[in-house]
Structures are given as C-alpha cells and as structure tokens.
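Novice:
4 protein chains.
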Amino acid sequence: MRFFSDNAAPVHPAVFAAMAAADHVDTAYDGDMLSRGLDARFSALFGREVWAMWVPTGTAANALACAALCQPYGGILCSRDAHIQNDEGGAPEFYTHGAKLMLVDGDGAKVTPDAVAAAANLIANDVHRVQPQALSITNATEYGRVYTPDEVAALGELAHGRGWGFHMDGARFANAVAHLGCTPAELTVEAGVDVLSFGFVKTGGLSAEALVFFDPTLVDATKRRRKRGGHLLSKGRYLAAQIHAMLTDDLWLQTARAANAAARMLADAAGERLVHAVEANEIFLRVTEAEAAALRAEGFDFYDWAPGEIRLVTHWASPADEVRTLAAAIAAL
Amino acid sequence: MRFFSDNAAPVHPAVFAAMAAADHVDTAYDGDMLSRGLDARFSALFGREVWAMWVPTGTAANALACAALCQPYGGILCSRDAHIQNDEGGAPEFYTHGAKLMLVDGDGAKVTPDAVAAAANLIANDVHRVQPQALSITNATEYGRVYTPDEVAALGELAHGRGWGFHMDGARFANAVAHLGCTPAELTVEAGVDVLSFGFVKTGGLSAEALVFFDPTLVDATKRRRKRGGHLLSKGRYLAAQIHAMLTDDLWLQTARAANAAARMLADAAGERLVHAVEANEIFLRVTEAEAAALRAEGFDFYDWAPGEIRLVTHWASPADEVRTLAAAIAAL
Amino acid sequence: MRFFSDNAAPVHPAVFAAMAAADHVDTAYDGDMLSRGLDARFSALFGREVWAMWVPTGTAANALACAALCQPYGGILCSRDAHIQNDEGGAPEFYTHGAKLMLVDGDGAKVTPDAVAAAANLIANDVHRVQPQALSITNATEYGRVYTPDEVAALGELAHGRGWGFHMDGARFANAVAHLGCTPAELTVEAGVDVLSFGFVKTGGLSAEALVFFDPTLVDATKRRRKRGGHLLSKGRYLAAQIHAMLTDDLWLQTARAANAAARMLADAAGERLVHAVEANEIFLRVTEAEAAALRAEGFDFYDWAPGEIRLVTHWASPADEVRTLAAAIAAL
Amino acid sequence: MRFFSDNAAPVHPAVFAAMAAADHVDTAYDGDMLSRGLDARFSALFGREVWAMWVPTGTAANALACAALCQPYGGILCSRDAHIQNDEGGAPEFYTHGAKLMLVDGDGAKVTPDAVAAAANLIANDVHRVQPQALSITNATEYGRVYTPDEVAALGELAHGRGWGFHMDGARFANAVAHLGCTPAELTVEAGVDVLSFGFVKTGGLSAEALVFFDPTLVDATKRRRKRGGHLLSKGRYLAAQIHAMLTDDLWLQTARAANAAARMLADAAGERLVHAVEANEIFLRVTEAEAAALRAEGFDFYDWAPGEIRLVTHWASPADEVRTLAAAIAAL
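Chains as they are written, first to last, in the numbering used here: chain D, 10 to 342; chain Y, 10 to 342; chain H, 10 to 342; chain A, 10 to 342.
Here's what the structure looks like:
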C-alpha cells in the first residue's frame, strides 16, 4: 500500500489508448497534427489565445520557464521550499546559465507579496548585486497548500509592477484547480502568470507535461531552448497524444479530484497531527518514530519527511480500500 | 508512402506491450527494478561490466556524453556532417558549457585517423587555443555509411594516445551492427569507445535511448547532469521497459536488419544515382528536379537534401510493397 | 575625508615604481620573467612549493577558485554575508556554470564547523539535491572579523573529511595576517586551504590580485579558465610587477598594519557603538540618522550599511589627522 | 630586436602620466569622474551619442560584445581566421553560454558579403540548426588587412537585413583608421556596426580597452555581464585614465601611424615575399627555414606563423634603427 509519491502512480488507460491511436507513421518531432494542435487545445481551455508545447518532465518545464523569464545575470524569487530550489538538481541554474534563486520564507511553501517584496527590497540596485527578474510559485505547493486566484493575482501585481516575469510551477496544478473549483484561466493568466508548467504526469500521464505561455514573445526562444536541452523527442506525437487524452472530458480534473478526495479522507482522520492544511493530495503528519513504524508494519509505504514528520501522497489510482484502511490506521494511532 | 525519416516510424508492438506490463504502482524516477536492471542487461550484451541509463532522446544522450568527456574549455573533434554539429540545436555546447566542436572533413561523414590528427595538429598547445579533449563519431553515419571495428579501433587508438575521450553516436548503431554482423562489443568497447549513445527510437522504440558507459568513472557525474538537464523522468520505468523489450530476442537487431534490407532494395535499384554507398538505412540519390517531382507525383514522400540530391530513409516497418514500388519507380526514372 | 572603501585608496608609490621598472619591450601575456617568477616568490612566502598567477580583480580570483573546486552541478557552502554571494554580480555562478551557493549563518560573517555541517546535513545525497563540493570563507570577513589558524583548520578538517574543496577569499588577507601575527602558511595551507585569493589591490596595488594554489592539480585548468574569462592581460608583466612590489620587504603587511591601526583608533573611540569586534580595517557602528548626518556635516564620507548602522573603512593611506579627527567626532557623538 | 608582437610594446609615457595624475583617493569601480566621462569622450570622437566602458582585455571586450549580440542558442558568423575563433581560449563561447562560431572563408581574414551570405544560406531555419544572430569582423584583420568603410557598410547592410547584430573587433582599429584616413564613425556606426571593441593596449595603453556601443539598449546588460565576468576593477579610474590619455591629441592615431609606417618600410623591403598586402602593422613573409634562421642570427625575434611563413609586427615604439636594419636584412635575403 504505497503512499510514497504520485510519481509512482500508473498511467491512465485513456492515455495509453491515445498513444496507441497515434501509433502510425507520422511527421517527426513536433510536426505532427497532435503536437500542432496543442495551441488550439489549450486556447480553448483558457478561453483565449495561448501557446503550448510538450516536454517530457516537470523539471524541464520549470527550467525552460525560468530561462524564458530570467537572464543569466538575474535572479528568480521563490519559496525556500520550492521544487526548483530543492528537487531539480540545479536545472534552473543550468537552463538559465547561472541565475540565482532568491529564497523567500513562507508558511506551507506559500509566499506572500509582503515577504517577496521584503526579500527584493534588501537588494540594492547596482551591478554588484544580482537583480531579481522573475517570481516563481508552485501551485499546489510542495506542502500541498493552494494559492487562490486572489493570492496569485496579488503576487502577479507585485511581479509586473517590478518588471519581473511570473511563473507558476503547476506540477499539481490540476489538484489546485480541483480544490478551488475555479477555471484554469482565473488561476493563471487572469492573475498575471506569464508561463505555466502544466503537469499531467502526476495525474495520469506517462511522460508529457505542457509548458503554456500566455505571452507569445517567449515562445520562439523556448522552442530553441527545448531542442537545445534535448527535449524535442523525435516521436513527439506520443507525448501530444497523452496531453490530448488528459484534456478530453476534463480527465485531468477528474483524476485530480480523485486524488484530492483520497487525501481529504486521510486528513480527516489525522486531525491535530496535520502539519499543513490539506488542500491537494499531500498530507504531512506529525508522528513518533514508533507510530511511523507501526504504520509501516501494517503495510503502508511513505516518505520520512523530517524528524517526527511523514509525508503521504495520494493519486488518481490510489485504491479506495487502501485509503480507507490507512485512514483508519491513522485515526487509531 | 513515406520515406522521410525513421523517426516517423511507429512503435514496435513489443515495446508497447512491455510498457503496458510495467503499468502499475512502482518506485519513481529510476528506482524501479526495470531501470535498475539496465546495467546487468547491457553487461550481458557487451560481455563485460558496463553501466547504462535511459534518456528520452538521442540529443540528450549525445550531449551528456560530450559533457562527460570534455571540459567547458575543451574541444570535441567530429565530422563536419555530424549530427552533434548540425542537428541538435547547440545541445553539445549547452551541456558542455561551451566546448568547441572542431570539424573534420571526411567522405560520407566518416572521419579517418589521418584527417583527425591533421586537424588536431594545427592547434598549438597553449591557453590561447581551445584544446581537443574528445573525439565523437557517428555509426552508422549521417550519410548511412558504417565504420568497421578496425576503423573504430584505429580512431580509438588515436584518441587514447592523445588523451581524448571517445564517443560513438549510435542513433543507428543497430543498423551498423546489422550491416557488419559483428558484436556490439567489437564495434565499441573493444575498439576503444568510452561512451555509446545506443539508439532505440529509430528501430522501434517510443521515447528511450540508452547511454552506455564503458568507463565507470563517468557515471555518477552523468547521472547528476541527466537530472540537471531535466531528463530524469518521474515514471522512468516506462522508458526502461522499452529498452528491455528492444533487447529481448535481439529485437533491436531484427528491426535494423529489416530497415537495412529495405534500403538495400532501393540502393540496388538506384545504381549510379547513389551519392554514398548504402550500408545502413539511408539512401542519398542524385535526381533532377523533374525526377524528384515525378516520384512525389507517384505518392512518395522524402527529403530534399541538396540541389539535385534527395534522401530516402527506410525503417523497421517500411511496408514491403511500398519499398518494392519505390524501387521500381527509381529504376524507371 | 573618505572612509567609504579601501578600494578608493590610491596606489602605493612602490607599486608604481615597479610598474615603471617593467616598462620595456617584453614577452606578452604571462611569458615574461616577472610573471614566471610568481611561483617562486609565493613559494618562498609560504615556505613550500605553491603555484600562483595574477588576475586583475578579486572577483575573478574568487570565481576562478570556485570553478576550480566545484562542478557545475555542485554547491559551494559560504556565509550568508559572503562577498561571493552578495557582491560579485553572480560571478561564481558564471564561472562555475551554475553551481549553487549554499548559505550558512554566522556571527560577523564567520561560519563555524557546526553551522556548516548542519547546513550540509540537511541535504539528502541523491541526484535531486545539489550536493556541496566546496567551502569558501572570507578572511578577514566582510564584517572585519578574523578567523584564527585554529578556526580555519577546524573548517579545513570538516571540508576535507567531506571531500569538499576549501577556498579562502583573502581580499583582506593582509589585514587578517597583520591582526594575527601568524605566518601566511599557518592561516592557509597548514589549515587545509586549497586555494587562496590573495588580495593586493586593497592594500596598495593597482590592478593585480594573486590566485595561490596549494594543490598543483588545479592549476592547468585554471590557467585555461583565466584565459577563457578574458583575464590573461596581454601586458601581464605590469600586473606581476605590482605583486612583486607588494611582496618586497613585506609591503603588503606594512600597509595592512597601517590600515588596521587606523581602524583600531576608530574602534576605541566607538565603544558600545560597535556592531562587530574590529579585527581588521572595517568598523560597523550603530548611529542614529541624526548622528550620521552630523558626521557627514563634519566632512566624513562613509557607507550607510543598514538602518541605524554605518560602515567605515580605513586603508593604508588613510591620513592620520583625518583618522584622529574622525575618532574624536565619534567619541563626541 | 623584437618584432614578435605589439603586445610586447611598452606603455606610452602619456598613459603612465595620466595614471599618476589619477592617483588619489576616489570613488571605487566606475563611479569616478574619469570613468563616468567616457561616454562623453567617445561621443565627441564619434560625433554622436555613444556609450563606452573600459575593460582590461580585448578578449573581454570581444566576448562581452558577442554576448550582447547573440543568445546562447544562436551563432556568430566570423572569419575562419578570427581572433575570437582561434586566440581567445573559448571566451566567446563562455560569455555567450555556448553560442556557435560559424566560420567563413576569406582572403587575408577578410570576409565578403557574398561569402557570409553563402555560409548563412546553408543553414535551414528550423530548431535543429543553430541560427546565426550576429556577424563579427576584425579591422584591421588578423593578417593586417583593412576593411574600408564601404566594405564594412556592405557587411552591415547584410547583417541588419538578416536581423543580425554587427560587431567589430578593433584590437587594431587604430591601425585601420590610420591607414584609411577616415573618421572612426565612418568605419563603424555609419557603416552599421553595433558594438566596437576599441583597442588601446596595442597602441600604447597598459591595461584598458574600450567597448563602444552605438545601440544604447545593449549597455545595461553588458555592464552586468562585465561585473559578472570579474572585469569591473575596483580601481577603475586608472583604466579610464589610460583611455583618456590615448584619446587626448589623437595619441591613439599618432601611435598607430608610427606602427604602420614602420610596417610599410618592412613591406617595401619585402616585395614578392609578402603573403598579404600590408595595410596595418603586421607583415607576413614567405621565407625559407634558412632565411628565417639568418634573420634570427642577426638578432631579430619574430613568430613562425606556418611552414615557410613568418610574422613580423611593428608597434608605436619600434626603434627606427631596428626597423631600418630589419628592412635591409629582408631586402638582402
């Protein structure tokens, strides 16, 4: 019974079916009709013209977004707990050619306009100091918290007022939208986001994330950087097919709702043990070593996040009985 | 009837089946048993201990290999027609942080030890000149020519005598081995190759190439660079599964033999029109504009390589009747 | 009466004289006898074989040292107040190709082995996290504090125990040695330092710092990186001449002692206002806005470090009467 | 009697005098009045508003110019014999983060619009190929040839028609202007040049070159890159002083005229031995090994350029008697 990571989840059958349907001789790279149809598909979803391309990983999406928004000699403000800072092996620094990540504190990996502004205000505007050029937030955050459209808009206003680009790492964007019940546009372009890493792998995809641009001037350079980063797969149609499948009948939202619901069940069982409010599909619990061992003895697998703290992650295919059993086990601790 | 690129080929059913068989909850990234089994699998194939990892594209494989063998301030000798020079959007320069590609002339994109040595000998050994640190060859080459084990060994001897690393871009390694009838080891590690980009996508895979190291000291840094490049897919087991499928019952060789045989049929029909000897699955033909138009009018799709020259590429799934029809059409020109 | 920066100081007459003495036709770059004599000169100073080269700035020295000790995918532990983090416009990230600076808290910009180890211990050893590969300290620090040989040795032991390189930014190394009365070797190579940025510009030089290596394996690559960074001046003999002049009759120490003595006089006048113990040539004072304005009205120029805090810097040529006048003015606040 | 390099020349007394005149406490970095006066000084020279900054080397100037004009994923067209390709240790690749130098053949290291266009036309405009973004020429060239204003303008027209930036490496710009008798503006901004590396070191300076921008949008980023490259010297006023001295009373032109006149004398003696027309201060001669040895036996020092070819370089301070003696020796061969 694995609650280790949503990356461990299987692939949704509809995704496999779409890949099989794309399995014929076709144009290489992103010249096929499925790849070429992504702009229109995402434009429909966001209710305006947007520009989209597939990439095989969220790390590639985030790093390319950073490079699109920040010069090598600039800086990117982000949460101290951001995935781009802690979990991407230095990919943002690689793709930006050495931009500096500027860390901002915030509860549950959420940053506030005040905290971001305070961090930026410490930086004198001269050539000796690296200057911030972009702001990146993760929604849902690395601690399973969700920014509301208003919260994003306040950060967007700050960013654009300072002349910074604004990126959203949406590895769990689906979980955030599912939680909020808002439209994808309300949480992004209407709140000032310039580029969105729109995750599909954690919600049922196999190897395709989308990079969605709300600013067309960033697209051409990113296509060149994508190729230069080795991310232009020669059989790209199989990646495009995955994304089309996820967007059909809002499959991306359905799977996220399932994951969120499973997390909610665990959260309700956890009560005072919760370290962070549970708004997406991650649950951080305070447990003693003995309690963690007891859960493992019952067959549950999870991540030891910190001393006295574990992380549980649900996903679209988390078996209902396993979730119920775990909820009961937590309640019984 | 498409003879445009082997990248346009579909995915082999055995590859899809292996991915489906891997479709269950498992460890993320490359912690699953399939990914962890690649070292042993390739060690068996090469008859000695080797180290292997999946990457999603040949460009990533080549660029990571370049970075493993060459410092940012060094140079990489390669054919003027090399894929790493002309077709990867600057990926080698990106991953090496600006190493210089040093171009060597050679017939059919094959370089000789004499030509490589001559190019290197022009470079004074001082800090003003970028110094060569690696040699990279493509086998089969970009023009469908094949280096023999002896030819590779002669280049390997030169490379190691000069202290250079030695990389083989094997996007069509299968076609080369199929043509030669040698073992994979004879064409690589026994001939001095340090790192091999072992291509599977052109011969039936979907999104997995292998980077095979014959020198263990290069592995750890490359794993970090792979992550940093955004190439550590979170559901890596689906990539490992593709490679295992291709290696089972020598599927990679069977599919390459089919592609080579189709190319042979076209080559035999082409006679004096051949620009390069056909040893793999690419055929370059001298045709007039009118002849090219005539072929297209008959329904054939291909690449205009240069004025008066077209490129045809066969693949594992090229329909036999289409190949026969094209051969007849070429003979009839 | 300027107490703004030791960078504002004039050039020592002996330095000018040495440059004039070098003013004849000679070999370009670093092929002249003065440049070639640096290894021997510094070997004499450190009492063992060391390797030294000139660079025009401390930023270049530090960034080259970082690149010598840390791979692009690695990290460099340093004080949160380090010059390499705050004052070099991202040069360490540029020269290392994107290594990550990992910030450690510490009083007066001094880090302790415990604090460094604690920061490093938070970093899981997997490919997702950038791994520390080097430790860099500044001596004297950015707040005018000095590490003793024992303190450096404790950090050196930690660094080498973890397999990290160890760099000392010695922009004010002279001030530290002058304060301690130890030998240069005791404060560096005997305490585990691998590379020293040995500053001369702040103590009377014009445009020459030295990069001193205690590990010969780092030298060749650094010479190539120095050229690649555009730091191999064609008339390098004029830089070498400056360094030889500074080393003659311990001029570098004499000038540092003068600067330290001036700082001591100001510190004695400041009493409880001192933010940091004054051990080199920088004085940080708590003053109100009105007090700062009063000092400025008396003709003193200095840096507003933070709200309620100013920075005063003395140098080798700080006029004695100006120092006395300022000391009196501070005491009279 | 050294004819090895103009880099070996001494420093002009007026340059030393200007440095001495700047030797007092002043603002650090480029905040002093001399540094801040460079824009106006060069604006007067070029007869319009231009923007200028000092850097310590020509390699830094060229590499910063390349970075200003070309993205990391772009290419820079230049002569196969360009200094940026052969003599800067990969600095352009470093500062551009891996842009590709695209080599164009041309007699005497001069490229023509036709040759440049032909090279560019071979590059298909897709993401697989690195796209040219800038053109860089050297004037006077590495072989002592000079582009006329009309020739530069024709290249400028090509460059801007294609949307490329246009850089001139003017390490020997003074020699070119002295040869042509034109204005600096006619040879640069009026001919479409965007950025000029204006060399002063070879004509009497010590450690200061100027980077002159004719496009203000490139300035801010370059100032940040200059700092990030470690080229913002803390006592920058001594560099600015050198440039002001060189510009006073056209000293830069006077010294270049002297060097050119000395070269002319040698060229006249060489007759049919000349490999390239002598238009600046470099002379390439066909000599046998015995003849080269004979010249050396007479006390002349020079560079063996290639088998059967030597290079002689004159400079502003080449002693008239040495030049006469060498001319006679050449004539007597």
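Even for Gly, the Cβ is constructed at its ideal location relative to N, Cα and C.
(1) Might you give, ordered along the chain, the residues of its own chain that have their beta carbon closer than 6 Å to the beta carbon of D/P101, omitting 5 neighbours on each side?
(2) Should A/F25 be listed as close to the ligand GTP, given that the test is whether its C-beta is under 7 Å from any heavy atom?
(3) List, in chain order, every chain A residue whose beta-carbon is nearer than 8 Å to that of Y/E288.
(4) Can you tell which of Y/P158, Y/L47, Y/V322, Y/D159 has the C-alpha that lies nearest to the C-alpha of Y/L275?
(5) Suppose contacts are defined by Cβ-Cβ distances below 8 Å. Is D/R233 in contact with Y/G46 by that definition?
(6) Within the segment 130–192 of chain D, note down every full beta strand (DSSP E) run reaching 3 residues or more, in order along the chain.
(7) Answer with buried or exposed for Y/D159, where buried requires no fewer than 16 other C-beta atoms within 10 angstroms of its C-beta.
(8) Can you look up D/G280 in the DSSP assignment and give me helix, strand or coil?
(9) Give the straight-line distance between the Cα atoms of Y/A124 and Y/S52, rounded to the nearest whole angstrom.
(10) Which same chain residues end up closer than 7 Å to Y/A27 when comparing Cβ atoms and leaving out the 5 residues on each side of it in sequence?
(11) Looking at the structure shown, is H/Y312 part of a helix, part of a strand, or coil, going by DSSP?
(12) Using a Cβ-Cβ distance cut-off of 8 Å, determine whether H/H33 contacts chain D.
(13) In the DSSP output, what is H/C79 paired with across the bridge?
(14) So, is the C-beta of A/Q142 closer than 8 Å to a C-beta in chain D?
(15) So which residues on chain H does A/G238 lean against when the C-beta distance must stay under 9 Å?
(16) The alpha helix (DSSP H) with D/R233 in it runs from where to where?
(17) Are the segment 283–294 of chain Y and the segment 222–232 of chain Y touching, with three or more C-beta to C-beta distances below 8 Å?
(18) Whole angstroms are fine: how far does the CA of D/L164 sit from the CA of D/E58?
(19) Is H/S206 helix, strand or coil by DSSP?
(20) With DSSP collapsed to three states, give me the class of A/S88.
(21) Quick one: does D/Y312 have its CB under 8 Å from some CB of chain Y?
(22) Are the Cβ atoms of D/G174 and D/Q142 separated by less than 8 Å?
(23) In chain order, what residues of the segment 122–138 of chain H put their CB closer than 8 Å to some CB of chain D?
(24) Terminal residues of the continuous beta strand (DSSP E) containing H/A219?
(25) Which residues, in chain order, does the segment 245–270 of chain Y contribute to contact with chain H at a C-beta distance below 9 Å?
(26) Give the residues of chain A in contact with Y/Y82, contact being defined as C-beta atoms less than 7 Å apart.
(27) Residues bridged to Y/V343 by DSSP?
(28) Taking C-beta pairs closer than 7 Å, name the residues in chain H that D/N95 reaches, listed in chain order.
(29) Which residues bound the alpha helix (DSSP H) around Y/A23?
(30) Cβ closer than 9 Å: which chain D residues qualify as neighbours of A/K232?
(31) Note the first and the last residue of the continuous alpha helix (DSSP H) segment covering D/A2.
(32) Using a Cβ-Cβ distance under 8 Å, would A/A91 count as near chain H?
(33) For chain D, check one thing: does any of its Cβ atoms lie closer than 8 Å to the Cβ of Y/R11?
(34) Can you tell which of H/W314, H/V204, H/L220, H/E318 has its C-alpha closest to the C-alpha of H/W63?
(35) For Y/E199, count neighbouring C-beta atoms within 10 Å of its own C-beta (all shown protein chains included) and say buried if the count is 16 or more, exposed if not.
(36) Using a C-beta to C-beta distance shorter than 7 Å, which residues of chain H count as neighbours of A/A18?
Specialist: Well, looking at it:
(1) The sequence position of residue 101 of chain D within the first sequence is 92, counting from 1. Closer than 6 Å at the Cβ level, and outside the excluded window around D/P101, lie A72, C75, I93.
(2) Within the structure as shown, the ligand GTP is missing, as the structure has no ligands at all.
(3) Here residue 288 of chain Y corresponds to residue number 279 of the second sequence, with the count starting at 1. Neighbours of Y/E288 on chain A: none; closest Cβ ~24 Å, over 8 Å.
(4) As a working note, residue 275 of chain Y is residue 266 in the second sequence. The residue with the shortest Cα to Cα distance from Y/L275 is Y/V322.
(5) Position 224 of the first sequence, counted from the first residue, corresponds to residue 233 of chain D. Position 37 of the second sequence, counted from the first residue, corresponds to residue 46 of chain Y. When the beta-carbon positions are compared, D/R233 and Y/G46 stay at least 8 Å from each other.
(6) 140–147, 174–179
(7) Mapped onto the second sequence, residue 159 of chain Y falls at position 150. Result: exposed.
(8) As a first step, residue 280 of chain D is located in the first sequence; it is residue number 271 there, counting from the start. Of the three classes helix, strand and coil, the one that applies to D/G280 here is helix, per DSSP.
(9) Translated into the one-based positions of the second sequence, residue 124 of chain Y becomes position 115. Translated into the one-based positions of the second sequence, residue 52 of chain Y becomes position 43. Distance between the alpha carbons of Y/A124 and Y/S52 is about 33 Å.
(10) Position 18 of the second sequence, counting from 1, holds the residue named residue 27 of chain Y. Take Y/A27, set aside five residues on each side of it, and the residues of its chain with a beta-carbon closer than 7 Å to its own are A250, Q251, H253, A254, in chain order.
(11) Numbered from 1 along the third sequence, position 303 holds the residue referred to as residue 312 of chain H. Note: H/Y312 maps to strand in three-state DSSP.
(12) Counting from 1 along the third sequence, the entry for residue 33 of chain H is found at position 24. By this cut-off, H/H33 is not an interface position.
(13) Start at 1 with the first residue of the third sequence, and residue 79 of chain H comes out as number 70. H/C79 is not bridged to any residue.
(14) Locating residue 142 of chain A in the fourth sequence gives position 133, counting from the first residue. Cβ-Cβ to chain D under 8 Å: no for A/Q142.
(15) Within the fourth sequence, the letter at position 229 stands for residue 238 of chain A. Simply T68, A69, A72, G98, A100, F103, Y104, G238, G239, H240.
(16) Taking the first sequence and counting its residues from 1, one reaches residue 233 of chain D at position 224. Taken as a continuous stretch (DSSP letters only), the alpha helix (DSSP H) holding D/R233 covers 228–237.
(17) no
(18) Along the first sequence, one-based indexing puts residue 58 of chain D at 49. Along the first sequence, one-based indexing puts residue 164 of chain D at 155. Cα-Cα distance, rounded: 23 Å.
(19) Within the third sequence, the letter at position 197 stands for residue 206 of chain H. H/S206: strand per DSSP, three-state reduction.
(20) Residue mapping note: residue 88 of chain A aligns to position 79 of the fourth sequence, counting from 1. If DSSP states are grouped into helix, strand and coil, A/S88 belongs with the strands.
(21) To locate residue 312 of chain D, count along the first sequence from 1; it is residue 303. Cβ-Cβ to chain Y under 8 Å: no for D/Y312.
(22) Residue mapping note: residue 174 of chain D aligns to position 165 of the first sequence, counting from 1. Residue mapping note: residue 142 of chain D aligns to position 133 of the first sequence, counting from 1. In this structure, D/Q142 lies closer than 8 Å to D/G174 by Cβ.
(23) Going along the segment 122–138 of chain H in chain order, one finds V136, H137, R138 with a Cβ nearer than 8 Å to chain D.
(24) In the third sequence, the residue the question calls residue 219 of chain H occupies position 210. 218–222 is the span of the beta strand (DSSP E), which, as asked, contains H/A219.
(25) Identification of residues in the segment 245–270 of chain Y having a C-beta nearer than 9 Å to some C-beta of chain H yields an empty set.
(26) Along the second sequence, read from residue 1 onward, the residue named residue 82 of chain Y stands at position 73. Within 7 Å Cβ-Cβ: G98, G99.
(27) Coverage of chain Y is limited to positions 10 through 342, which leaves residue 343 of chain Y absent and any answer about it impossible.
(28) Stepping through the first sequence from its first residue, residue 95 of chain D is reached at position 86. In chain order: R138.
(29) Sequence index remark: in the second sequence, residue 23 of chain Y carries index 14 (1-based). Per DSSP, Y/A23 belongs to the alpha helix (DSSP H) from 22–30.
(30) By 1-based counting over the fourth sequence, the position of residue 232 of chain A is 223. Ordered by position in chain D, the residues that pass the 9 Å Cβ test against A/K232 are V136.
(31) With chain D covering 10 to 342 only, the question about residue 2 of chain D has no answer from this structure.
(32) Here residue 91 of chain A refers to the residue found at position 82 when the fourth sequence is read from its first residue. Closer than 8 Å: no.
(33) Position 2 of the second sequence holds residue 11 of chain Y. For Y/R11, the answer is yes, since a Cβ of chain D falls inside 8 Å of its Cβ.
(34) Along the third sequence, read from residue 1 onward, the residue named residue 63 of chain H stands at position 54. Closest by alpha carbon: H/L220.
(35) To locate residue 199 of chain Y, count along the second sequence from 1; it is residue 190. Looking at its Cβ environment, which holds 16 or more other Cβ atoms inside 10 Å, Y/E199 is buried.
(36) Along the fourth sequence, read from residue 1 onward, the residue named residue 18 of chain A stands at position 9. Result: V34.
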